[in-house]
Structures are given as C-alpha cells and as structure tokens.
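Using this note's numbering, read the sequence shown as starting at 738 and increasing by one per residue. We put the beta carbon where it would ideally sit given N, CA and C, even for glycine. One structure is given here, and the rest of the page talks about it.
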Amino acid sequence: MVSRSVSGIDHITGSKKVVANRITHDIVEPQKRRSVGQMFFQPYESSKEFIFCARHTFMPAALIGLAILDPVGVAIAPIIITGLAAGFLLVGSLAACAGWESASTDCFDHACNLINSMCQAIINMVVLPLSALVMLTRGISTGLQAAGIYDYDAPPITGKVMHV
738 MVSRSVSGID HITGSKKVVA NRITHDIVEP QKRRSVGQMF FQPYESSKEF
788 IFCARHTFMP AALIGLAILD PVGVAIAPII ITGLAAGFLL VGSLAACAGW
838 ESASTDCFDH ACNLINSMCQ AIINMVVLPL SALVMLTRGI STGLQAAGIY
888 DYDAPPITGK VMHV
C-alpha cells in the first residue's frame with residue numbers, strides 16, 4: 738500500500754520506502770524497520786531515500802533559522818495554520834450538512850493535511866540533532882561504499898587475524 742503521509746521519524750528508522758519524491762512530500766510504502774546499526778551506518782539505497790532524509794533534516798533547520806530571524810512569525814504561523822484547518826473543518830461540516838460529500842471530503846482532507854504537516858514539522862525540529870547525525874554517518878557510509886572501501890552488508894571476515 739502506497740501512502741502520501743509520513744508520520745514521526747520514519748526517515749530515521751527506515752520504516753518507509755520511498756517510491757517517488759515530490760516537491761512538498763514523498764510517496765512512500767511501509768517496509769521493515771532498520772536496526773540501530775543500520776539506522777546510522779547502512780548506506781543510502783537510492784537518491785530518492787537521500788532526498789527523503791534530507792528534506793526531513795534541512796526543512797527543520799530552515800525553520801529554526803526563520804525562528805531566529807523572525808520570532809513573532811514562528812508564534813503566528815501555527816495559529817494561522819490551525820485557523821485555516823478550523824476553517825476547512827467548518828466548510829467541510831457545512832458541505833456535509835448540505836449533502837455535498839465530495840466537497841466535504843476534500844475539505845476534511847485539506848484540514849488533516851495542514852495539521853499533519855504542522856505536527857511533522859514540530860517532530861522534525863525535536864529530532865533534528867539525531868537526523869543530522871544519521872544523515873552524516875549514512876552519507877559517509879554511502880561514500881565509502883561507492884569508493885569500494887566499506888560495505889555495510891558484506892559478511893564479516895573470519896579466520897586468522899594477524900597481530901602486529
């Protein structure tokens with residue numbers, strides 16, 4: 738099942754596989770969650786996965802930068818987003834009462850997307866240090882794998898060990 742919404746820290750845990758990148762969101766499908774070692778050291782599987790992780794790392798960094806430049810805007814933006822969502826809910830309720838099911842469904846979907854995006858931005862800001870560390874270590878692993886120096890998925894070397 739392919740979905741548009743992303744919740745929580747899927748970009749860190751790897752519980753979503755990226756099917757396609759879009760300008761404002763990614764299309765993802767569920768997959769098995771990574772182990773802790775894989776979260777930090779498994780190379781990126783594709784450029785789509787890298788873009789997915791980068792979006793959830795750099796967007797909150799940009800929001801923090803905007804908060805430094807305009808602290809009042811950071812307080813006002815959630816109020817405006819919540820007001821828009823409430824407006825969509827009101828219009829959706831009125832449309833449902835009038836019997837316009839498609840209009841009410843669209844309004845409810847817009848309200849849900851607004852609130853989901855705002856909550857995702859807050860979660861991304863909270864886990865930003867961890868996201869940045871994961872992106873750095875996985876980026877290094879990807880570079881080392883591309884250079885043929887390191888492969889996370891290679892079997893461990895067994896046998897005699899030389900002691901110097």
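{"Query": "Between the C-alpha atoms of Arg759 and Ile749, what's the straight-line distance to the nearest angstrom?", "Result": "19 angstroms"}
{"Query": "Looking at Lys754 and Gln768, is the spacing between their C-beta atoms short of 7 angstroms?", "Result": "yes"}
{"Query": "Are the Cβ atoms of Thr794 and Met872 separated by less than 7 angstroms?", "Result": "yes"}
{"Query": "Figure out for me which residue from Ala823, Ala833, Trp837 has the closest Cα to the Cα of Leu849.", "Result": "The sequence given here places Cys at residue 849; Leu does not occur at that position. Comparing Cα positions, the closest option is Ala823."}
{"Query": "In whole angstroms, what separates the C-alpha of Cys834 from that of Leu826?", "Result": "12 angstroms"}
{"Query": "What residue range does the beta strand (DSSP E) around Ala884 cover?", "Result": "Note, Ala884: premise wrong, no beta strand (DSSP E); not H, not E."}
{"Query": "Roughly how many angstroms separate the alpha carbons of Ala791 and Pro808, rounded to a whole number?", "Result": "24 angstroms"}
{"Query": "Between the Cα of Pro815 and those of Glu838, Ser854, Pro780, spot the shortest distance and give me the residue it belongs to.", "Result": "Ser854"}
{"Query": "So what does DSSP say about Ile764, is it helix, strand or coil?", "Result": "strand"}
{"Query": "Are the CB atoms of Phe778 and Thr874 within a distance shorter than 7 angstroms?", "Result": "yes"}
{"Query": "Opposite Val864 in the DSSP bridges: which residues?", "Result": "In the DSSP output, where bridge partners are listed per residue, Val864 has none listed."}
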